[in-house]
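A short worksheet on the structure shown next.
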Amino acid sequence: MKNIQVETTINGDATEFLCAPDESLLDVLRDRLGLTGAKEGCGTGDCGACSVTLNGEVVCSCLVLGVETQGAEIGTIEGMANGETLHPLQRVFIEEAALQCGICTPGILVAAKSLLEKNPDPTDTEIRYWLAGNLCRCTGYDKIIKAVQVAAAEMRGA
Amino acid sequence: MKYVKPDSFDAAAQLLRDEQGIARILSGGTDVLVMLKAEMVEPDLMVDLKHLPGMQDIVAENGGFRIGAAVPTARMGEHAALVAMWPGVVEGAELIGSTQVQNRATMAGNLCTGSPAADSVPAMVTAGAVARLHGPDGVRDVPVGDIPTGPGKNILAKGEFITSIYLPARPERAGDAYLRFIPRTEMDIAVSSAAVSLVLDDAGVVTDANVAIGAVAPTVRLVADAGAAIIGSKLDDDAVAKMVAAVEAACSPINDKRGTIAFRTTTAGVLAKRAAHIAYIRAGGQS
Numbered sequence: 171m172k173n174i175q176v177e178t179t180i181n182g183d184a185t186e187f188l189c190a191p192d193e194s195l196l197d198v199l200r201d202r203l204g205l206t207g208a209k210e211g212c213g214t215g216d217c218g219a220c221s222v223t224l225n226g227e228v229v230c231s232c233l234v235l236g237v238e239t240q241g242a243e244i245g246t247i248e249g250m251a252n253g254e255t256l257h258p259l260q261r262v263f264i265e266e267a268a269l270q271c272g273i274c275t276p277g278i279l280v281a282a283k284s285l286l287e288k289n290p291d292p293t294d295t296e297i298r299y300w301l302a303g304n305l306c307r308c309t310g311y312d313k314i315i316k317a318v319q320v321a322a323a324e325m326r327g328a
Numbered sequence: 080m081k082y083v084k085p086d087s088f089d090a091a092a093q094l095l096r097d098e099q100g101i102a103r104i105l106s107g108g109t110d111v112l113v114m115l116k117a118e119m120v121e122p123d124l125m126v127d128l129k130h131l132p133g134m135q136d137i138v139a140e141n142g143g144f145r146i147g148a149a150v151p152t153a154r155m156g157e158h159a160a161l162v163a164m165w166p167g168v169v170e171g172a173e174l175i176g177s178t179q180v181q182n183r184a185t186m187a188g189n190l191c192t193g194s195p196a197a198d199s200v201p202a203m204v205t206a207g208a209v210a211r212l213h214g215p216d217g218v219r220d221v222p223v224g225d226i227p228t229g230p231g232k233n234i235l236a237k238g239e240f241i242t243s244i245y246l247p248a249r250p251e252r253a254g255d256a257y258l259r260f261i262p263r264t265e266m267d268i269a270v271s272s273a274a275v276s277l278v279l280d281d282a283g284v285v286t287d288a289n290v291a292i293g294a295v296a297p298t299v300r301l302v303a304d305a306g307a308a309i310i311g312s313k314l315d316d317d318a319v320a321k322m323v324a325a326v327e328a329a330c331s332p333i334n335d336k337r338g339t340i341a342f343r344t345t346t347a348g349v350l351a352k353r354a355a356h357i358a359y360i361r362a363g364g365q366s
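Chain order of the listed sequences is A and B. Counting the first sequence from 1 gives a position; the working numbering is that position plus 170. Counting the second sequence from 1 gives a position; the working numbering is that position plus 79.
Right, here's the structure in full:
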């Protein structure tokens, strides 16, 4: 299978890569670009561990072909902190212990950031529905919802 | 697998027609990439159509809306005028998958995949939605309800694909609604479902009604008797009971681990009743 050259912007940096036509964006990020923050849980769009933004909207990178991203803007968990300064969601997730094993955390942070950009003051129910496609088998979700609320309040005040 | 982004609909239709092996169309990718991953299908050709004119657009047309075949369902939910005119169509489309999936998945893909449980299809059927097909022999418009022919099957000819779905104009007092039963609150496949679209006169009497049911037959079904049962009524109990009976009579579901024949049949009737009341209130009726 002939590889195709793709030019994209990832976390603000112009990026070129070669990939096979049937290779997922998730595999491109992890195996070709060394961006291993996005995780493969199911590979079929059910678990959300591979969440990234594609042209500003949160998607499962396992359900996007690498070749589809020609000219696109991609955002991954690696671009969330500002240098050494964590994004408020990242810092509050640590402070509130909103994670245990951490596999789902990058996807949840990317998805939660996308929610707060559209809706800075969500209800608990809105957070739960928004994150319904991000599965977590450790926390029972309550601490995740609380952490998103605490971060949202801080970001509204900032 | 070859991946191609043709520069016109005609070029896409020719490519698809001339492909000797297995060809797939890539729009939202939320079905086709899962099948690829599961090795249920190994296409020789993948044709990406998302970049072509109109595919990502929601455009007002003759009082209704034309929705490009690559418009993700989440964009429909963000379109206030579309939500106001066809709330049931939008709520059906927005029940498909997670936030992540809704940012990619499309109604056209949901329709072509041909699932009897497709959440966006019943309300499109009750809306009288029309799909615009482009193929090697040109363009044709086909009612949405005629597209799926059975589980995983559709009427599209080789080389043919959907470019848009048209939702017609609405009178002043009109409303629609879609409900499904799932054993949880989100991220599941309908065990049964129902959509109702109706139009009222100034007195709140139903003058036109469509009822469609999902996941209770090989395809989504428009139940003409059910719509007729509530025309001329204000959704009084007798009229609604007749509608429910017509819905139940139209069900021919399968028995499986997700629901028995009896359960699917009963819930389809209950959902039709509830959807009719929601549509009635959305149309401005007092209940």
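Ideal Cβ placement from N, Cα and C applies to all residues, glycine included.
Q. So residue 313/B is in the beta strand (DSSP E); what residue range does that whole segment cover?
A. Mapped onto the second sequence, residue 313/B falls at position 234. Note, residue 313/B: premise wrong, no beta strand (DSSP E); not H, not E.
Q) Per DSSP, which one or two residues make a beta bridge with residue 125/B? A) Here the question's residue 125/B lines up with position 46 in the second sequence. Answer is 82/B and 103/B, bridged to residue 125/B.
Q | residue 224/B in three-state terms, based on DSSP | A | As a working mapping, residue 224/B is identified with position 145 in the second sequence. DSSP places residue 224/B in helix when its eight states are reduced to three.
Q: Indicate whether residue 154/B and residue 108/B have their beta-carbon atoms separated by less than 8 Å.
A: Your numbering for residue 154/B matches position 75 in the second sequence. Your numbering for residue 108/B matches position 29 in the second sequence. Not in contact: residue 154/B and residue 108/B (Cβ atoms no closer than 8 Å).
Q | residue 191/A at chain B interface by Cβ criterion, 8 Å | A | Numbered from its first residue, the first sequence carries residue 191/A at position 21. It does; some Cβ of chain B falls within 8 Å.
Q) Just checking my contact of residue 318/B with residue 305/B at CB under 8 Å: how many whole Å lie between their CB atoms? A) Taking the second sequence and counting its residues from 1, one reaches residue 318/B at position 239. Taking the second sequence and counting its residues from 1, one reaches residue 305/B at position 226. No, residue 318/B and residue 305/B are not in contact; Cβ-Cβ is about 10 Å, not under 8 Å.
Q: With a 10 Å radius around its C-beta and 16 neighbouring C-beta atoms as the bar for buried, classify residue 99/B as buried or exposed.
A: What you label residue 99/B is simply residue 20 of the second sequence in a count that begins at 1. Classification of residue 99/B: exposed, given that the 10 Å Cβ count is below 16.
Q) What does residue 127/B reach in chain A if we use C-beta pairs closer than 9 Å? A) Position 48 of the second sequence holds residue 127/B. The contacting residues are 235, 237 and 238.
Q: Give me the Cα-Cα distance between residue 281/B and residue 275/B, rounded to the nearest whole angstrom.
A: One-based indexing of the second sequence puts residue 281/B at position 202. One-based indexing of the second sequence puts residue 275/B at position 196. So the two alpha carbons sit approximately 19 Å from each other.
Q: Measure how close the beta-carbons of residue 255/B and residue 206/B come, nearest whole angstrom, since I'm counting them as under 8 Å.
A: Start at 1 with the first residue of the second sequence, and residue 255/B comes out as number 176. Start at 1 with the first residue of the second sequence, and residue 206/B comes out as number 127. About 6 Å; that satisfies the 8 Å criterion.
**Q.** Buried versus exposed call for residue 291/A [16 or more other C-beta atoms within 10 Å across all chains shown]
**A.** To locate residue 291/A, count along the first sequence from 1; it is residue 121. So residue 291/A counts as exposed.
Q. Going along chain A, which residues have a C-beta under 7 Å from residue 115/B?
A. Mapped onto the second sequence, residue 115/B falls at position 36. Here the neighbours are 192.
Q: Using only the heavy atoms of the ligand SAH, determine whether one of them is closer than 7 Å to the beta carbon of residue 267/B.
A: For the structure depicted, the ligand SAH is absent and the ligand set is empty, with no information on it obtainable.
Q. In chain B, which residues lie less than 8 Å from residue 228/A when you measure between Cβ atoms?
A. The residue you call residue 228/A lines up with position 58 of the first sequence. By Cβ distance, chain B contributes 178, 179 and 182.
Q | Beta-carbon neighbours of residue 179/A, restricted to chain B and to distances below 8 Å | A | Taking the first sequence and counting its residues from 1, one reaches residue 179/A at position 9. Under the 8 Å cutoff, chain B gives no residues; its nearest Cβ is about 17 Å from residue 179/A.
**Q.** Bounding residues of the beta strand (DSSP E) (the contiguous stretch that carries residue 265/A)
**A.** As a position in the first sequence, residue 265/A is number 95, starting the count at 1. That residue, residue 265/A, is in no beta strand (DSSP E); its alpha helix (DSSP H) goes 258-265.
Q) Does residue 359/B have its Cβ less than 8 Å from a Cβ in chain A? A) Against the second sequence, residue 359/B aligns to sequence position 280. Output row for residue 359/B: interface = no.
Q: Go to residue 160/B, then tell me how far its alpha helix (DSSP H) extends in each direction, as first and last residue.
A: Residue mapping note: residue 160/B aligns to position 81 of the second sequence, counting from 1. First-last of the alpha helix (DSSP H) with residue 160/B: 159-164.
Q) Is residue 326/A buried or exposed, if buried means 16 or more other CB atoms sit within 10 Å of its CB? A) Taking the first residue of the first sequence as 1, we reach residue 326/A at position 156. Its Cβ having fewer than 16 others within 10 Å, residue 326/A is exposed.
**Q.** Contact with chain A by residue 119/B, beta-carbon distance below 8 Å
**A.** For the purposes of this step, residue 119/B is taken as residue 40 along the second sequence, with counting starting at 1. No - not a single Cβ of chain A is within 8 Å of the one on residue 119/B.
Q.
Using a Cβ distance threshold of 8 Å, determine whether the segment 259-275 of chain A contacts the segment 211-229 of chain B, with at least three qualifying pairs required.
A. no
Q: Please report how far the alpha carbon of residue 105/B lies from the alpha carbon of residue 129/B, in whole angstroms.
A: Translated into the one-based positions of the second sequence, residue 105/B becomes position 26. Translated into the one-based positions of the second sequence, residue 129/B becomes position 50. Their Cα atoms are separated by approximately 8 Å.
**Q.** Test item: CB-CB of residue 302/A and residue 80/B under 8 Å
**A.** To locate residue 302/A, count along the first sequence from 1; it is residue 132. To locate residue 80/B, count along the second sequence from 1; it is residue 1. No.
Q.
Threshold first: 4 residues or longer. Then list the alpha helix (DSSP H) segments lying entirely within the segment 268-302 of chain A, N to C.
A. 275-288 and 294-300
Q | Short CB-CB distance (under 8 Å) between residue 321/B and chain A | A | Against the second sequence, residue 321/B aligns to sequence position 242. Cβ-Cβ to chain A under 8 Å: no for residue 321/B.
Q. Which chain B residues are close to residue 299/A, counting only those with a beta carbon under 7 Å from its beta carbon?
A. If you number the first sequence from 1, residue 299/A lands on position 129. What residue 299/A touches in chain B: 265.
Q: Could you tell me the distance, in whole angstroms, from the CA atom of residue 184/A to the CA atom of residue 222/A?
A: Reading the first sequence from its first residue, position 14 is the one you call residue 184/A. Reading the first sequence from its first residue, position 52 is the one you call residue 222/A. Taking the straight line from one Cα to the other gives about 17 Å.
Q) Residues of chain B with a CB under 8 Å from the CB of residue 273/A: which are they? A) As a working mapping, residue 273/A is identified with position 103 in the first sequence. Chain B residues near residue 273/A: none, gap ~16 Å exceeds 8 Å.
Q: Check each candidate in 213/B, 193/B, 315/B and 179/B and name the one with the smallest Cα separation from residue 216/A.
A: Walking along the first sequence from the start, residue 216/A turns up at place 46. The shortest C-alpha separation from residue 216/A is found at 179/B.
**Q.** One or two residues paired with residue 172/A in a DSSP bridge
**A.** In the first sequence, counting from the first residue as 1, residue 172/A sits at position 2. According to DSSP, residue 172/A bridges with nothing at all.
Q) Name the residues in the segment 152-169 of chain B whose C-beta lies less than 8 Å from a C-beta of chain A; which are they? A) 153
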